[in-house]
RNA sequence: GCGAUCGUAGCUCAGUUGGUUAGAGCGCCGGUUUGUGGUACCGGAGGUCGGGGGUUCGAGACCCCUCGAUCGCCCCA
């Protein structure tokens, strides 16, 4: 006997309630995305390494340490996508999607990052993604955020999640602010945490969201982006916030919210919760007007966001609606299989959820049907076959009758109504008085 | 890359300062009920104690290594 290979570290086999929550997140996203008329796109899972390396910038250790890269048989360096945006930007340029600008697109699927797994963090994980390409006006930011906001509400997890909003200004504002920050922190360099001293060289903006208490005082009186914003950048941010207010999207200003990569401009945002430990960001994004150029394309303004499906699913928890289960067909032995298949076919054609239980003892079959939450069980035994009938049992009240197969769907419809009434009553919503619960 | 905690039945866990045949609950299978679920009672199967090495008369417990998991740091596109 050989040993069973283990799953790769940081990958997950999702089943049961978690899988239901996962599917609920994706289905809700698909529904909401259509409301806002974002078009569905499908993207390759891997690209030439340079697609990600050039867009992210060679400097960071993201490229060297955090990507799944490998050489293919032609000695070409390929990389499993660690994000959607770079690949979408590449597609926009190579396929001439400029002709569709402004283009609203959405997709979802697996991404890969070579990281240490922890809560809500995996090496293969899944994201929802939405982008508006070729749109430089603040209204694009507003619509993108309005969609994100509605998505979280539709998922039922908006409580306890807040939208943190900031602006990084245009290119000049951003550079001026950055220079001022470096000067400010250089002055107190020795008193910063070791990590932040290193950030000062590599990525000074990141000092602003340091978790180390030693950095906090210096972060508090650090130069603010607002003092460096050009009038145009100020207007842009003002238009975004005014638009959000008009659209009924609640937001909080967070001047410490930054993006490490240089191609980000203007709006940066994160929907944050305190319910997921160290991984509190549930959905994040921003405007990346500088990205297309770094990939060799024409200057193209764009905004987008991504959200981790696993994290959303964790917040959704048990809230995902249970799958309906209408009919369990139970032949008492193999002699009833033909009748079972035939009845299943006609019931499913009417969109009833049907499962046939054809293994184990009768008792076992009934128990499994009950456990699975079937509304009614249809029993097919020797007597039924001889009479050309079936036995229909309501698994909620135990009522049972012998009927012709053609009459089953009517009984199922009744059971569905009764179920609906029970749920309505349970949820505390009063019935309109023209409904007679006993009908 | 760094740190902490953990790894005993399918699942959740117990296992006293190392001491004979390793336990419970749930689940699973069977029976009380030869064609009927949800309750109850009775019985049964199931474990190389993550893996390797060491200390000891004796290791699930102690030591080392290794693999894995969880949480955090770094990073976060």
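Numbering (the working numbering), first residue to last: 4 to 442. Backbone N, C-alpha and C define an ideal beta-carbon position, used for all residues, glycine too.
Contact between the segment 352 to 368 and the segment 319 to 338 is present, with at least three C-beta pairs closer than 8 angstroms.
Across the structure, residue 423 and residue 285 are spaced so that their CA atoms are roughly 34 angstroms apart. Proximity to residue 334 across 364, 131, 308 and 114 peaks at 364, based on C-alpha coordinates. The alpha-carbon separation between residue 41 and residue 107 amounts to approximately 5 angstroms. Assignment of alpha helix (DSSP H) within the segment 376 to 424, counting only whole runs of 4 or more residues, yields 385 to 390 in chain order.
In the displayed model, residue 268 falls within a strand according to three-state DSSP.
Secondary structure note for residue 367: its alpha helix (DSSP H) is the uninterrupted segment 365 to 374. In the displayed model, residue 354 falls within coil according to three-state DSSP, outside both helix and strand. Note: residue 110 is bridge-paired with 132 in the DSSP secondary-structure output. A distance of 9 angstroms or more separates the beta carbons of residue 208 and residue 232. Approximately 6 angstroms separates the beta-carbon atoms of residue 269 and residue 170; this is inside 8 angstroms, confirming the contact. Within its own chain, the residues whose Cβ lies closer than 7 angstroms to the Cβ of residue 73, once the five positions on either side in sequence are excluded, are 81, listed in chain order. For residue 238, the closest of 173, 301 and 254 by C-alpha to C-alpha distance is 173. In its chain, beyond the 5 residues on either side, 264 and 265 have a beta carbon closer than 7 angstroms to the beta carbon of residue 60. Apart from the 5 residues on each side of it in sequence, residue 384 sits with its Cβ closer than 6 angstroms to the Cβ of 335 in its chain, given in chain order. Out of 312, 147 and 320, the CA that lies nearest to the CA of residue 38 is found in 147. DSSP, reduced to helix, strand and coil, places residue 305 within a strand of the structure shown.
Rounded to whole angstroms, residue 179 and residue 258 show a C-alpha spacing of 16 angstroms. Around the C-beta of residue 163, fewer than 16 other C-beta atoms lie within 10 Å, and the residue is accordingly described as exposed. Non-local C-beta neighbours of residue 344 in its own chain, meaning closer than 8 angstroms and more than five positions away in sequence, comprise 359, ordered along the chain. Between the segment 311 to 322 and the segment 196 to 213 there are fewer than three C-beta pairs closer than 8 angstroms, too few to call the two in contact. A direct Cα-to-Cα measurement between residue 341 and residue 21 gives close to 35 angstroms.
Counting along the chain, the unbroken alpha helix (DSSP H) around residue 244 starts and ends at 234 to 250.
For residue 164, DSSP records a beta bridge to 276. Following the DSSP letters along the chain, one finds residue 50 inside the beta strand (DSSP E) bounded by residues 49 to 51.
Residue pairing from DSSP places residue 334 in a beta bridge opposite 383. Counting the other CB atoms within 10 Å of its CB gives residue 370 a total below 16, which places it among the exposed residues. About 6 angstroms separates the beta carbons of residue 101 and residue 137, which is inside the 8 angstroms limit, making them a contact pair.
Annotated three-state conformation of residue 262 is coil, per DSSP.
Within the same chain, 221 come within 7 angstroms of residue 191 by CB-CB distance, once the 5 residues on both sides are set aside. Counted as a single uninterrupted DSSP element, the beta strand (DSSP E) harbouring residue 290 occupies residues 284 to 290. Under the 8 angstroms Cβ criterion, the segment 90 to 99 does not count as touching the segment 272 to 281, having fewer than three qualifying pairs.
Residue 414 counts as buried, since no fewer than 16 other beta carbons sit within 10 angstroms of its beta carbon. Between residue 65 and residue 134, the gap from beta carbon to beta carbon reaches 9 angstroms or more. Residue 248 counts as exposed, since fewer than 16 other C-beta atoms from the protein chains shown sit within 10 angstroms of its C-beta. Per DSSP, the unbroken beta strand (DSSP E) holding residue 81 starts and ends at 80 to 83.
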